[in-house]
Amino acid sequence: MRRIIGLVLSIVIGAVFIWSGGVKAWDPAGFAGDILEYRLVGQGMAGAMALYLPWLEVIGGVALVAGRTREAAAVMLMGMLAGFSVAMVSVIVRGLEIGCGCFGHGDGETSPEMALARNALLVGGLVGILVVRRGDVGR
Amino acid sequence: MRRVLLQMLLLMVLAVIPAVVAGVWHPRRPALGPGVVADGEKGVEELRAARGPIVWIDARGRGEFEAGHVEGAVWLCDARWEEGLLAVMEAWEPGAMLVVYCDKADGADRRHVAGRLKRETELGGVYTLKGSWRGWDGANRGKEP
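For the record, the sequence lines run as chains A and B. Using the numbering used here, read the first sequence as starting at 1 and increasing by one per residue. Using the numbering used here, read the second sequence as starting at 1001 and increasing by one per residue.
In structure tokens form, the structure reads like this:
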């Protein structure tokens, strides 16, 4: 039963990252614009991040679904979510009125607060995957 | 633990490959050089002496704009960009200067909006206001709260 829960969580969360990364990889210029709206980095860095981060999400999602790399992918994706969450908190603190852009350029409707809640949910799922995995290894 | 770290490193390196490919060939690849910035900064005295129309652009929050702004100013922010941009284009006329102001001491908001405006419209004469907008003659003649 634990293994099934772990597998289902991996597939669902992996699909979320593959989808969100794929949408942003499709339009990196739009995603760079979204990153710039956070006003944390300059245009050059925003461009580099817009090219790299979506693919890191896609590869992380695929690695989460694949059995052998699940732990590494879960830890890496948690790190990414932590980074995104810090950016969201800074948006809230500075009172910027922007959408999160988490699922591409068209995702202007998701507020930073909603995005933070979603990140917390995803981190919870990733922790669940790690717990199940460690349980399997310990047996 | 060591295995997990090595795998993480491998995943991060793997992601570099499609990122580089996208950076070279993607039709919608972003600019990696320095960004488009405003044409410069203008002080209140300089603007008073200027001939020709000025389109004032307010880069502050909606609440601050509604509490008072330069007379005739257009509100423009990231969250409602298309709507604000339409108003800017309606107010613009050939030869007009576009002057973006905000209340931030470091000028981050006005620089950001001016840069984006210039990048997306490719208009000339986009400036940021040096100092506070309250020094302008039309200040505080905005909509009543």
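All C-beta atoms, glycine included, are put in the ideal place defined by N, C-alpha and C.
Give me the Cα-Cα distance between residue i and residue j, rounded to the nearest whole angstrom.
i	j	result
Val-131 of chain A	Val-75 of chain A	12 Å
Gly-125 of chain A	Gly-1063 of chain B	38 Å
Ala-48 of chain A	Met-1 of chain A	42 Å
Gly-1135 of chain B	Met-1089 of chain B	25 Å
With DSSP collapsed to three states, give me the class of residue i.
i	result
Thr-110 of chain A	coil
Tyr-1127 of chain B	strand
Lys-1104 of chain B	coil
Glu-1041 of chain B	strand
Leu-1010 of chain B	helix
Val-127 of chain A	helix
Ile-98 of chain A	coil
Leu-40 of chain A	coil
Leu-1076 of chain B	coil
Leu-1032 of chain B	coil
Verify whether the separation of the beta carbon atoms of residue i and residue j is less than 9 Å.
i	j	result
Gly-44 of chain A	Leu-1117 of chain B	no
Val-1021 of chain B	Leu-1076 of chain B	no
Val-89 of chain A	Pro-112 of chain A	yes
Val-1079 of chain B	Ile-98 of chain A	It is worth fixing the name first, because residue 1079 of chain B is Ala in this sequence and not Val. The answer is yes: Cβ separation under 9 Å.
Glu-1041 of chain B	Trp-1056 of chain B	no
Ala-117 of chain A	Phe-84 of chain A	no
Gly-79 of chain A	Asp-27 of chain A	no
Residues in the same chain with beta-carbon distance under 8 Å from residue i, minus the five sequence neighbours each way, listed in chain order, please.
i	result
Leu-1123 of chain B	Trp-1092, Leu-1098 and Leu-1117
Ala-87 of chain A	Tyr-38 and Leu-40
Met-1008 of chain B	none
Val-1074 of chain B	Val-1055, Trp-1056, Ile-1057, Asp-1058, Gly-1084, Ala-1087, Val-1088 and Ala-1091
Once you ignore the five residues that flank residue i on each side, which residues in its own chain have a CB closer than 6 Å to its CB?
i	result
Gly-14 of chain A	Gly-61, Leu-64 and Val-65
Gly-1023 of chain B	Arg-1029
Could you pull out every residue in the same chain whose Cβ sits closer than 7 Å to the Cβ of residue i, ignoring the five residues on either side in sequence?
i	result
Ala-1059 of chain B	Leu-1076, Cys-1077, Val-1100, Tyr-1101, Cys-1102, Asp-1109, Arg-1110 and Val-1113
With a threshold of 9 Å between beta carbons, is residue i in contact with chain C?
i	result
Pro-28 of chain A	The question asks about chain C, but that chain is absent: this structure's protein chains are A and B.
Practice problem: Check whether the segment 17–29 of chain A touches the segment 81–98 of chain A, counting contact only when three or more Cβ pairs, one atom from each stretch, lie closer than 8 Å. | Solution: Between the segment 17–29 of chain A and the segment 81–98 of chain A, the count of C-beta pairs closer than 8 Å stays below three; the two stretches do not touch.
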